[in-house]
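Engineer:
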């Protein structure tokens, strides 16, 4: 099966300063240029990245909670009452 694809000279490439959402939109728009294998590989890596980001977010929340607890303890020890 032959597929004809019209390609513009620069494909409207997003610079590194662009948003992640804009880059994802660009990738989705031009995903037809990639094979099913490459698309599956990208999907797997994307899922792995999202999982890692979720774990990192949870670690940040736990750190903030720990910092809040330490501040509360320090304020109570100092007699500061809010």
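In my numbering, the protein residues as written are 92 to 173. Glycine included, C-beta positions come from ideal geometry on N, C-alpha and C.
(1) My understanding is that residue 130 touches residue 122, with C-beta atoms under 8 Å, so please give their C-beta distance in whole angstroms.
(2) For residue 126, name the three-state secondary structure that DSSP assigns.
(3) Does DSSP put residue 110 in a helix, in a strand, or in coil?
Structural biologist: Taking the structure as given:
(1) Residue 130 sits at position 39 when you count from the first residue of the chain shown. Residue 122 sits at position 31 when you count from the first residue of the chain shown. That belief holds up - the Cβ atoms of residue 130 and residue 122 are roughly 6 Å apart, short of 8 Å.
(2) Along the chain shown, one-based indexing puts residue 126 at 35. Assigned with DSSP and collapsed to three states, residue 126 falls in coil, not helix or strand.
(3) The sequence position of residue 110 within the chain shown is 19, counting from 1. Note: residue 110 maps to coil in three-state DSSP.
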